[in-house]
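These protein sequences, in sequence, are chains A and B.
In terms of the working numbering, the first sequence has 780 at position 43, counting the first letter as 1, and numbering is strictly consecutive.
In terms of the working numbering, the second sequence has 50 at position 67, counting the first letter as 1, and numbering is strictly consecutive.
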Amino acid sequence: KNEVEQSPQNLTAQEGEFITINCSYSVGISALHWLQQHPGGGIVSLFMLSSGKKKHGRLIATINIQEKHSSLHITASHPRDSAVYICAVRLGGGADGLTFGKGTHLIIQP
Amino acid sequence: DVKVTQSSRYLVKRTGEKVFLECVQDMDHENMFWYRQDPGLGLRLIYFSYDVKMKEKGDIPEGYSVSREKKERFSLILESASTNQTSMYLCASTQNGEAFFGQGTRLTVV
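Rendered as structure tokens:
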């Protein structure tokens, strides 16, 4: 069974700091998602990765398939980045369901 | 441009009631999923469906059933609600690896 581990579980930082959230998984995957969940519950997909690196604004996601590891970086963090960030992986072989990490609760203080 | 819509944001039901949670997607996706999200446990898969009238059990199907009579609609049913089903329920649809989530339904069973 694939396990998805995220670290840290909780992170509090000051506005402007560079943030890194890590995700490790235990079996081969076809894709990895980084998701953002704000208070109130709705989840938004930030990135879907199968290799390399993607950038969107101040957010950068990287994945190392050999090491089974991904990172989400936030540059110049802002209080509006405060949210729960969830890593989710999709197995290969046609299955389209996701296995989720438990999430990282990020608070950016002004 | 709402893509996955859950019928209620908040619900309060009594123990023993039959509860319907509705999810509709407008992207003609074949794959739809119901998850519950609890503190410290992350998102766990209850049921999923790959096609109309087709359903598969996820990791925690006990106490739940589902219905998929039309491609765009996937319903989660609690036959006899219990207090341990108090949770946040999230619906998702996927196609070609892209995942879209509803806003979530926070269900309280009293």
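Backbone N, C-alpha and C define an ideal beta-carbon position, used for all residues, glycine too.
Note that the structure is a prediction, hence the values are computed from the model and not measured.
| query | According to the neighbour-count rule (16 or more other Cβ atoms, all chains shown, within 10 Å of its Cβ), is B:Asn14 buried or exposed? | reply | So B:Asn14 counts as buried.
| field | Range covered by the beta strand (DSSP E) that runs through B:Ser47 | value | Per the sequence shown, residue 47 of chain B should be read as Tyr rather than Ser. No beta strand (DSSP E) holds B:Tyr47; DSSP gives it neither H nor E.
| message | What does DSSP give as the partner residue(s) for A:Asn801 in the beta ladder? | response | A:His806
| query | Taking Cβ positions, are A:Leu772 and A:Ile780 nearer each other than 8 Å? | reply | yes
| Under three-state DSSP, which class holds B:Thr69? | Reduced to three states, the DSSP call for B:Thr69 is coil.
| said: Please state the DSSP three-state secondary structure of B:Asp21. | reply: B:Asp21 falls in the strand class under three-state DSSP.
| message | Strictly below 7 Å CB to CB, what residues from chain B border A:Arg827? | response | Gly80
| Quick one: what's got a C-beta closer than 6 Å to B:His12's C-beta in the same chain, skipping five residues either side? | Ser76 and Gln78
| field | A:Gln774 versus A:Val764: straight-line alpha-carbon distance, rounded | value | C-alpha separation (whole angstroms): 25 Å.
| Bridge partners of A:Arg827, per DSSP? | A:Ala768 and A:Leu835
| field | Contact list for B:Arg89 against chain A, beta-carbon separation under 7 Å | value | Gly778
| message | Tell me the DSSP secondary structure of A:Arg795 in three-state form. | response | coil
| request: Verify whether the separation of the beta carbon atoms of B:Arg19 and B:Asp42 is less than 8 Å. | output: no
| message | Below 8 Å on C-beta distance, what does A:His770 contact in chain B? | response | Ala82
| Sequence-distant residues of the same chain with beta carbon closer than 6 Å to A:Ile758, five excluded per side | Leu809, Tyr822 and Thr841
| field | Close beta carbons around A:Ser782, own chain, < 7 Å, minus the five adjacent residues each side | value | His770 and Leu772
| Roughly how far, in whole angstroms, is the beta-carbon of A:Asp818 from the beta-carbon of A:Leu786, given that I think they are within contact range, below 8 Å? | Not really, about 19 Å apart at Cβ, beyond 8 Å.
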